[in-house]
Every structure is written in structure tokens, then in C-alpha cells.
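This report concerns only the one structure given below.
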Amino acid sequence: MNILRPLSPHLPIYKPQLTLTFSISHRISGAFLATIVFFFYLLCLKIGLICFTYENFYQFFFYSSKLILISVEITALALSYHLYNGVRHLLMDFLGFFFLRIGRKRLK
Amino acid sequence: MATGLIRRAISRVQVTSPAARLLVGRSHASDAKAQTVESKPNLKSFQIYRWNPDNPGKPELQEYKIDLKECGPMVLDALIKIKNEIDPSLTFRRSCREGICGSCAMNIDGCNGLACLTKISSDSESMITPLPHMFVIKDLVVDMTNFYNQYKSIEPWLKRKTPAPTPGKEIPQSKSDRAKLDGMYECILCACCSTSCPSYWWNPESYLGPAALLQANRWIMDSRDEYTQERLDAINDEFKLYRCHTILNCSRACPKGLNPGKHIQNIKRLELSS
Numbered sequence: 001m002n003i004l005r006p007l008s009p010h011l012p013i014y015k016p017q018l019t020l021t022f023s024i025s026h027r028i029s030g031a032f033l034a035t036i037v038f039f040f041y042l043l044c045l046k047i048g049l050i051c052f053t054y055e056n057f058y059q060f061f062f063y064s065s066k067l068i069l070i071s072v073e074i075t076a077l078a079l080s081y082h083l084y085n086g087v088r089h090l091l092m093d094f095l096g097f098f099f100l101r102i103g104r105k106r107l108k
Numbered sequence: 001m002a003t004g005l006i007r008r009a010i011s012r013v014q015v016t017s018p019a020a021r022l023l024v025g026r027s028h029a030s031d032a033k034a035q036t037v038e039s040k041p042n043l044k045s046f047q048i049y050r051w052n053p054d055n056p057g058k059p060e061l062q063e064y065k066i067d068l069k070e071c072g073p074m075v076l077d078a079l080i081k082i083k084n085e086i087d088p089s090l091t092f093r094r095s096c097r098e099g100i101c102g103s104c105a106m107n108i109d110g111c112n113g114l115a116c117l118t119k120i121s122s123d124s125e126s127m128i129t130p131l132p133h134m135f136v137i138k139d140l141v142v143d144m145t146n147f148y149n150q151y152k153s154i155e156p157w158l159k160r161k162t163p164a165p166t167p168g169k170e171i172p173q174s175k176s177d178r179a180k181l182d183g184m185y186e187c188i189l190c191a192c193c194s195t196s197c198p199s200y201w202w203n204p205e206s207y208l209g210p211a212a213l214l215q216a217n218r219w220i221m222d223s224r225d226e227y228t229q230e231r232l233d234a235i236n237d238e239f240k241l242y243r244c245h246t247i248l249n250c251s252r253a254c255p256k257g258l259n260p261g262k263h264i265q266n267i268k269r270l271e272l273s274s
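From first to last, the protein sequence lines stand for chains R and H.
Heads up: the first sequence begins at 1 in UniProt numbering, then just goes up one per residue.
Heads up: the second sequence begins at 1 in UniProt numbering, then just goes up one per residue.
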């Protein structure tokens, strides 16, 4: 038979649960922090003092200076979440499953 | 509906002694008439995933309305009622109706579970879809061959290098060794855990999935089995075991209350020390 079978729906229908929310937020915050660190490295360490001679740099800096406060807040949130979740992962790996009871009905 | 219940409670309390029953006979009759007017059907709509291979198009959610007062408490009762009374073409797997065979595993209101063990929720709408990220054969029936092949690949049978201590008799096992298998032997291979794991969704053919890994741990922890090191080496693979990122959706989904995440962690710990 040459009928292509459909794939049953997964992401659109699966109920967002605490377990998978923790996990994907850990991954997203990690990726976000990695890009922040990368751009910080490129901008401040690699380009260095020569950037202050370029006019475009001041235009960009002025535009984004309004966004700096909110992006610092978001970065701090991502960092703290990633740190706490990382500690939780390490504890779970080496000290047994203390945190598994969140959201479970029957336990075994 | 609450007033109907109170009315019925009052009428039941009045009819306690036989003498009282004679007295309240007439009032009870008028009460009965009032009750039949009041018992409205408690309708709940089920949105069920439909796809027909004989008439292939786009899969759709079809709505069915069921009177919960004339239906059993479990989702499987509702499905059988729909198939009997409304639409005989609704296709789903089922067998034991008591949560031990694992046939009726499906996704109910966004969570994987067994239809025979999941109570119908009191919301006005419910959505029933097949197990996530599996190829659909028809309606709620999915293709489980990949899942079963992964289970077969971990060699789920007793393997020994030396013969049994007393030939022809069972291999003795202490109670504490047998207790190590608790929490693993109860697995009914319903595939609720594996199909709830996002890691299994993105790598279904290379990652073994929580169910197969739980069973692998069951054979690794069996004291009668002598191929422990070979079993550990067989799954010590970037994809077969280490696609598990301890998302722990599997333990949340297991309808029997098992904890695949904990046992996968046990395998990882044993791999570290071997």
C-alpha cells in the first residue's frame, strides 16, 4: 500500500507539564546565556577600544541603551533559573530522586 | 442537578418504615413525575482524532456528544458507547478493560494514559488523540512495530553463562534480590511513557525510549542474569541511552505509577562505575 500514514499530533496537543517545562526552559535559558556571553566576548573583548571611533557604534548604542535595562533583567532571570535548575539536575543525578514527586499521582 | 439530588434524598429519607411508605405513596408518585422532568442528560462532547486509510485526506477531530448519566466512568466506556450507538467506524485498540493489557493507551486531554483507567473528566469537552508522534494506522490505532523492535533489541530474557545450581530446577533468588525488581516487572509495555518523551519524539529510531530502558534495567538488576556487563555495554551509546535528558515526562505519564526516569538514572550510574 502506498498511502503515507500521518504522524499523530505531539507538540500541539500535549498538555504542558511541569516536568517538560522545566527541561525546555533550562535548554532555552542556556542557549540565551550562551549567545549573551558570545556577543559580550565579540563586542567588548575582541573589538576593544577601536569601536569608540566609529560613528555607527554610537548610533547603535544609543538605540539599544533603552533596551539594556530590560535585557539585563532577562539575562539575570535566565542565569538564576539555569543555575538553580542545573543544581537540581546534579542533585537528582547523584543523590537520588528527591524532586520527582512534583506532579505525580501514584508513586512507586 | 443539585436540587434534583436534594429532592431525591428527601424522598428517600421519608420512605423508611413500611407504614410511612403507605402514607407518602401519593406524594411519592407526584415526586416521581417531577423527577423525570428534571433529569436532564449530562452531555459531554468528545473531540476524537479520525483518519481513514481507505479514504485518506487530512486527519480531523470529530465531535461526539455523550450523556454521562448513561455511560460508565472511564474513557473506554465512552469510546465503546460511541462505537455501539453513534459511529461504528471509530477504531481503537482495547482488550482487558482493567489496565493490565496496555492496548488502550492513547492521549486523553493532552496526557498519555490508558483509556480504561482514565476517568472521564467533568469538563464539557475532552480531546482524545492517539499516542503522540507515532504513525497512525487508523483513527486511534498507531504503528507500534518500532517500539516492539526496540524492546526486542535489549534481549529481554534470562541469559546465563553457567548452568543452574540444581539442574532442572529454578534458580534460587533471595527476597532482597527479588525486591530489586519491584517497580520494573509491572511494566505492561503500553508505550505511554516512550510516546510522552520529547527526546523520543525527535529521535524515535535511535533512542530506545523509557519503556525499553526500564526493561533493560530490569534485566541488568536481575541477580539471576549473568550477562550484566554485556547488557550495559550494548546500550552504552550516544543515542540509545544518552538521548535521555531527564525530562521526566515518562514518570509523569505512566498509568501504572512506575518511574522509568529513576531506573534510567540507575543505568547511567552503573555505566559510570563500569
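Ideal placement from N, C-alpha and C gives every residue a C-beta, glycine not left out.
Pro260(H) and Cys193(H) do touch by the CB rule: their CB atoms are close to 5 angstroms apart, below 8 angstroms. A Cβ of chain R is located within less than 8 angstroms of the beta carbon of Ile137(H).
Pro204(H) is positioned such that its CB atom lies closer than 8 angstroms to that of Asn146(H).
Taking Cys116(H) as the centre and dropping the five residues before and after it, the same chain places the C-beta of Met74, Val75, Leu76, Arg94, Cys96, Arg97, Glu98, Gly99, Cys104 closer than 8 angstroms to its C-beta, in chain order. Note that the C-beta distance between His10(R) and Thr246(H) is not below 8 angstroms. Short of 8 angstroms from the beta carbon of Asn217(H), and not among the five residues preceding or following it, lie these beta carbons of its own chain, in chain order: Met184, His263, Ile264, Asn266, Ile267. Asn107(H) carries a strand assignment under DSSP once its states are collapsed to helix, strand and coil. Per the coordinates, the alpha-carbon of Thr118(H) lies some 16 angstroms from the alpha-carbon of Ala191(H). Between Ile66(H) and Ile48(H), the C-beta spacing is not below 8 angstroms. Sorting Asp225(H), Trp201(H), Gly102(H) by C-alpha distance to the C-alpha of Glu186(H) places Gly102(H) at the top. For Ser274(H), there is no enclosing alpha helix (DSSP H), as DSSP marks it with neither H nor E. In this model, Ala253(H) and Pro132(H) are separated by some 12 angstroms (Cα to Cα). Neighbours of Val141(H) in chain R, taken as residues at a C-beta separation under 8 angstroms, are lacking, since the least C-beta distance is about 10 angstroms.
Here Ser89(H) is exposed. Its C-beta has fewer than 16 other C-beta atoms within 10 Å. About 5 angstroms separates the beta carbons of Asn112(H) and Ser196(H), which is inside the 8 angstroms limit, making them a contact pair.
Two segments are said to touch when three or more pairs of C-beta atoms, one from each, lie closer than 8 angstroms; by this definition the region 147-162 of chain H touches the region 216-230 of chain H. When only Cα atoms are considered, Ala78(H) and Cys71(H) end up about 6 angstroms apart. For Cys192(H), not one C-beta of chain R is nearer than 8 angstroms to its own C-beta. Residue environment analysis places Tyr14(R) among the buried positions, since at least 16 neighbouring C-beta atoms fall within 10 angstroms of its C-beta. When Leu4(R), Ser8(R), Asp93(R), Asn2(R) are compared, the shortest CA-CA separation from Leu61(H) is found for Ser8(R).
Within the UniProt domain "4Fe-4S ferredoxin-type" (177-207) of chain H, the complete alpha helix (DSSP H) runs of at least 4 residues fall at 198-202. Chain R places no beta carbon closer than 8 angstroms to that of Gly113(H), leaving this residue out of the contacts.
Put simply, the region 158-178 of chain H does not touch the region 198-213 of chain H. Fewer than three CB pairs are less than 8 angstroms apart. The beta-carbon of His263(H) is placed no less than 8 angstroms from the nearest beta-carbon of chain R.
At a Cβ-Cβ threshold of 8 angstroms, Gln215(H) and Ser274(H) do not count as neighbours. Gln62(H): member of the beta strand (DSSP E) spanning 60-67, first to last residue. The Cβ atoms of Leu213(H) and Glu271(H) lie no closer than 8 angstroms to each other. Here Leu90(H) carries a coil assignment [DSSP, helix/strand/coil].
When the alpha-carbon of Cys244(H) is set against those of Ser23(R), Ile68(R), His82(R), the nearest one is in Ser23(R). Ile80(H) and Leu4(R) have their C-alpha atoms spaced approximately 28 angstroms apart.
Gly113(H) has Met106(H) as its beta-bridge partners, per DSSP. Shown here for Ser45(H): same chain residues with a beta carbon closer than 6 angstroms to its own, the five before and five after excluded, namely Glu63, Lys65, Glu125 in chain order. A Cβ-Cβ contact shorter than 8 angstroms links Thr75(R) with Ile36(R).
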